[in-house]
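Read the structure below first, then the notes.
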Amino acid sequence: MIGLTADQIAAEIEAFSHRLKQGAQTLAAVGEIETGVSLREPIYQEDKLTLYRYQPRVENPHAIPLLIVYALVNRPYMMDLQEDRSMIRGLLDAGLDVYLVDWGYPDAGDRTLTLADYVERYMGHCVDAVRDRHRVDAINLLGVCQGGALSLCHTALYPARIRNLITMVTPVDFQTPDNVLTHLIRHVDVDLLVDTLGNVPGQMLNFAFLSLSPFRLAGQKYVDLVDIFDDAQALKNFLRMEKWIFDSPDQAGEAFRQFAKDFFQQNKLVKGEVVIGNRRVDLREIAIPVLNVYATQDHLVPPAASKALAECCGSRDYSELSFRGGHIGIYVSSRAQREVPPAIAAWLLAR
Numbered sequence: 106m107i108g109l110t111a112d113q114i115a116a117e118i119e120a121f122s123h124r125l126k127q128g129a130q131t132l133a134a135v136g137e138i139e140t141g142v143s144l145r146e147p148i149y150q151e152d153k154l155t156l157y158r159y160q161p162r163v164e165n166p167h168a169i170p171l172l173i174v175y176a177l178v179n180r181p182y183m184m185d186l187q188e189d190r191s192m193i194r195g196l197l198d199a200g201l202d203v204y205l206v207d208w209g210y211p212d213a214g215d216r217t218l219t220l221a222d223y224v225e226r227y228m229g230h231c232v233d234a235v236r237d238r239h240r241v242d243a244i245n246l247l248g249v250c251q252g253g254a255l256s257l258c259h260t261a262l263y264p265a266r267i268r269n270l271i272t273m274v275t276p277v278d279f280q281t282p283d284n285v286l287t288h289l290i291r292h293v294d295v296d297l298l299v300d301t302l303g304n305v306p307g308q309m310l311n312f313a314f315l316s317l318s319p320f321r322l323a324g325q326k327y328v329d330l331v332d333i334f335d336d337a338q339a340l341k342n343f344l345r346m347e348k349w350i351f352d353s354p355d356q357a358g359e360a361f362r363q364f365a366k367d368f369f370q371q372n373k374l375v376k377g378e379v380v381i382g383n384r385r386v387d388l389r390e391i392a393i394p395v396l397n398v399y400a401t402q403d404h405l406v407p408p409a410a411s412k413a414l415a416e417c418c419g420s421r422d423y424s425e426l427s428f429r430g431g432h433i434g435i436y437v438s439s440r441a442q443r444e445v446p447p448a449i450a451a452w453l454l455a456r
């Protein structure tokens, strides 16, 4: 407010107070914040996991179904946040038959689950459920973020079950120089953390993610919020995102231990040294077509961390799709809705 008179400052304060009062009234009228807009039905359940099939939006969807595997650390409704911001709806509109793995919320009884439980048992049962339902030998797989790393492991171990693989904002080389999250995790005593806590609290991990960009993610957006207090729809959209950001499941202790140590601290995935159960994950075993989708402004998974897949997978049909945006924008921005689902569908339908 440099250069403003006392009357101008007073007017600014009065206008700000008015917006806050308006915001309180708008918030009171918003009601429950709902997420997930596409019709779906559960077709398989195991422990906390639910496998959903989304209702097709075309008369004759593509014969080879697409299974989406999301990360363990966040909730998958980011893929179907609202009607005009839904990656899943875009895939359905493009003619695909879409399934999604919802990992649920692990509790204390799940603290001994390992990566083998997730990659071999849970994913294996979901893949088989979709294969059996459609009577096909192999399905298409879309892995998102950490779910992409799990999908790479599953595909490398069971290549005959997967026809085409798409990875989205998926880390492969976890130790690129610009990977801030790795710099943070490499100094954590993971064994002490898991031995002390059992499951790792989701809110603890969420704080770590927010700390990577504290001004924008924990400060500036709340200042900017004042500007939309008089717009109920914009406020509801903001609260949807906030709900997702802070809806962070706890992480099964033993699975977190292996993922943090083997992937982040020792970078074993890109080296071909990850062991799931008693089998080594060799990405060169992935000889099927691969589409690697990354975001050019991703602060969690830098492009170099994702593009490393080109050098270590065995596919002769490897493609990349770059999206000009960030880790969240690739799911929910208006440009993402126009660009990403049609590109994924076109790539799949061509194969």
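Sequential numbering from 106 applies to the sequence shown in my numbering. No residue lacks a Cβ here, since even glycine has one placed at the ideal position from N, Cα and C.
- Around the C-beta of Pro354, are 16 or more other C-beta atoms found within 10 angstroms, so that it is buried, or is it exposed? Translated into the one-based positions of the sequence shown, residue 354 becomes position 249. Its Cβ being crowded by 16 or more others within 10 Å, Pro354 is buried.
- Task: Compute the Euclidean distance between the alpha carbons of Lys153 and Asp189, then round it to the nearest angstrom.
- Result: As a first step, residue 153 is located in the sequence shown; it is residue number 48 there, counting from the start. As a first step, residue 189 is located in the sequence shown; it is residue number 84 there, counting from the start. Using only the alpha carbons, I get a separation of about 29 Å.
- Query: Would you call the region 227-238 and the region 390-400 touching, i.e. three or more CB-CB distances under 8 Å?
  - Reply: No, they do not touch.
- At what residue ranges does the region 263-293 contain a whole run of the alpha helix (DSSP H), taking only runs of 4 or more? As far as the region 263-293 is concerned, its whole alpha helix (DSSP H) runs of at least 4 residues are 285-290.
- Would the region 446-453 and the region 282-299 be scored as touching if the rule is three or more Cβ pairs under 8 Å? Of all C-beta pairs linking the region 446-453 to the region 282-299, fewer than three are shorter than 8 Å, placing the two stretches out of contact.
- Item | Spatial distance of Val86 from Glu416 (CA atoms) | Beyond the ends of the chain as shown, which are 106 and 456, falls residue 86; an answer cannot be given.
- Could you name the residues of the same chain whose beta carbon sits closer than 8 Å to that of Val395, not counting the 5 residues immediately before and after it, in chain order? Counting from 1 along the sequence shown, the entry for residue 395 is found at position 290. Excluding positions up to five away in sequence, the list reads Asn269, Leu270, Ile271, Thr272, Leu414, Cys418, Ser420, Asp422, Tyr423 and Ser424.
- Message: Quick check on DSSP: helix, strand or coil for Thr155?
- Response: One-based indexing of the sequence shown puts residue 155 at position 50. Here Thr155 sits in strand by DSSP.
- Evaluate the contact criterion for the region 191-199 versus the region 160-175: three or more CB pairs, one atom per stretch, below 8 Å. With a cut-off of 8 Å on Cβ pairs, the region 191-199 is in contact with the region 160-175, counting three or more such pairs.
- Task: Using the Cα positions of Asn383 and Glu137, report the straight-line distance between them to the nearest angstrom.
- Result: Translated into the one-based positions of the sequence shown, residue 383 becomes position 278. Translated into the one-based positions of the sequence shown, residue 137 becomes position 32. Looking at the two C-alpha atoms, the distance is approximately 46 Å.
- Item | Counted within 10 angstroms of its Cβ, other Cβ atoms place Tyr210 as buried (16 or more) or exposed | In the sequence shown, the residue the question calls residue 210 occupies position 105. So Tyr210 ends up on the exposed side.
- Can you name the start and end residues of the alpha helix (DSSP H) that Phe351 belongs to? Walking along the sequence shown from the start, residue 351 turns up at place 246. Residues Ala337 to Phe351.
- Task: Assign Glu425 to one of three DSSP states: helix, strand, or coil.
- Result: Walking along the sequence shown from the start, residue 425 turns up at place 320. Strand.
- Query: Expressed to the nearest angstrom, what Euclidean distance is found between the alpha-carbon atoms of Ala313 and Arg240?
  - Reply: Reading the sequence shown from its first residue, position 208 is the one you call residue 313. Reading the sequence shown from its first residue, position 135 is the one you call residue 240. Approximately 43 Å between the Cα atoms of the pair.
- Query: Are the beta-carbon atoms belonging to Val232 and Gln356 less than 8 Å from one another?
  - Reply: Within the sequence shown, the letter at position 127 stands for residue 232. Within the sequence shown, the letter at position 251 stands for residue 356. Between Val232 and Gln356, the CB-CB gap reaches or exceeds 8 Å.
- Thinking C-alpha only, which one of Thr155, Val224 and Ile244 is nearest Trp208? Taking the first residue of the sequence shown as position 1, residue 208 is located at position 103. Closest option to Trp208, Cα to Cα, is Thr155.
- Let me know if Pro147 comes out buried or exposed under the rule of 16 or more other beta-carbons within 10 Å of its beta-carbon. Taking the first residue of the sequence shown as position 1, residue 147 is located at position 42. With a threshold of 16 other beta carbon atoms within 10 Å, Pro147 falls short and is exposed.
- Span separating the alpha-carbon of Arg362 from that of Arg226: Numbered from its first residue, the sequence shown carries residue 362 at position 257. Numbered from its first residue, the sequence shown carries residue 226 at position 121. Going from the Cα of Arg362 to the Cα of Arg226 covers about 18 Å.
- Rounded to a whole number of angstroms, what is the C-alpha to C-alpha distance between Arg145 and Thr110? The count along the sequence shown starts at 1 and reaches residue 145 at position 40. The count along the sequence shown starts at 1 and reaches residue 110 at position 5. Each residue's alpha carbon lies about 58 Å from the other.
- Task: Could you say which of Glu359, Ala254 and Asp278 lies nearest to Leu302 if we only look at CA atoms?
- Result: Position 197 of the sequence shown, counted from the first residue, corresponds to residue 302. Looking only at Glu359, Ala254 and Asp278, the smallest Cα-Cα distance to Leu302 is reached by Glu359.
- Identity of the residues DSSP links to Gly248 by a beta bridge: Locating residue 248 in the sequence shown gives position 143, where the first residue counts as 1. According to DSSP, which records beta bridges pairwise, Gly248 is partnered with Val174 and Thr272.
- Message: So, at 6 Å on beta carbons, what are the nonlocal neighbours of His259 in its own chain, with the 5 sequence-adjacent residues on each side left out?
- Response: As a first step, residue 259 is located in the sequence shown; it is residue number 154 there, counting from the start. Around His259: Val224 and Met228.
- Taking buried to mean at least 16 other C-beta atoms within 10 Å of its own C-beta, is Asp294 buried or exposed? The residue labelled residue 294 in the question sits at position 189 within the sequence shown. With fewer than 16 other Cβ atoms within 10 Å, it is exposed.
- Would you say the beta carbon of Ile271 comes nearer than 7 Å to a heavy atom of the ligand ADP? What this structure holds is no ligand at all, so the ligand ADP is not there to describe.
- Task: Classify Gln150 as helix, strand or coil using the three-state DSSP reduction.
- Result: In the sequence shown, counting from the first residue as 1, residue 150 sits at position 45. Reduced to three states, the DSSP call for Gln150 is strand.
- Give the single residue among Asp352, Ser438 and Ala221 whose Cα lies nearest to the Cα of Met309. The count along the sequence shown starts at 1 and reaches residue 309 at position 204. Ranking Asp352, Ser438 and Ala221 by Cα distance to Met309 puts Asp352 first.
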